[in-house]
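One structure is given here, and the rest of the page talks about it.
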Amino acid sequence: MDELVEKAKNGDKEAFIRCINAINKKMYYIAKSKLKYEEDIKEVIQETILECYKSIKKLKDISKFEKWVIKLLINNCNDYYRRKKNVSFTEYSEEVLETNNAEGEIFNVNSKIDFSYLINMLNSEDRLIFTLYYSSGYSTAEIAKIININENTIKSRLKRCRERIGKFIERWEETSEGK
């Protein structure tokens, strides 16, 4: 990857496209953890790619390309959210969760929990941390650097996320056994 980044830094457009394609799924999941609507997610990702393309020559350490892009993406998501002043994703997701839970729609036809509902139970920052750790495979130290939070705080938030999701799963299992 470093070789591709170096080529991209020297103006090779094809190399830049390959670098972005290598991390595009991570970018999508991270943006999705911060924003509610698909159109917004796509727009922010496009803005981030354009910003990266314009400023890649300023990247000092090519080995940190992915973290640099992710940090720009997170900042762009936050800026976009402030600009649009959308309804809070967390408020929306909790409202949807309560509605779906009351109506029994949180489960799919195979009586499995929809993982997206579990993730949506978390607040925006915890959802980002959870996504960076479990979906994107970053270590707690890397996440701490990306979002400028102490690594121990990252660890405790991940623990609380797992506990919250675990409690929900336990309640679901208890109610599904009674059916």
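For the sequence shown, this note's numbering assigns the number 1381 to the initial residue and increments by one for each residue that follows. Positions of the beta carbon are idealized from the N, C-alpha and C atoms, including for glycine. Since the model is a prediction, treat every value here as computed from it, not as a measurement.
Please check the pair residue i and residue j, which I expect to be a contact at CB under 8 Å, by giving their CB distance rounded to whole angstroms.
{"i": "N1456", "j": "V1424", "result": "5 Å"}
{"i": "I1534", "j": "I1509", "result": "6 Å"}
{"i": "Y1409", "j": "S1519", "result": "With 8 Å as the limit, Y1409 and S1519 do not qualify as a contact, their Cβ atoms being about 17 Å apart."}
Could you give the first and the last residue of the continuous alpha helix (DSSP H) run that contains residue i?
{"i": "D1382", "result": "1382-1389"}
{"i": "S1504", "result": "1504-1510"}
{"i": "I1523", "result": "1520-1527"}
- Query: Do the segment 1427-1439 and the segment 1534-1544 make contact, defined as three or more Cβ pairs closer than 8 Å?
  - Reply: no
- Segments of 4+ residues assigned as alpha helix (DSSP H) that fall wholly inside the segment 1383-1464: 1393-1414, 1418-1435, 1445-1464
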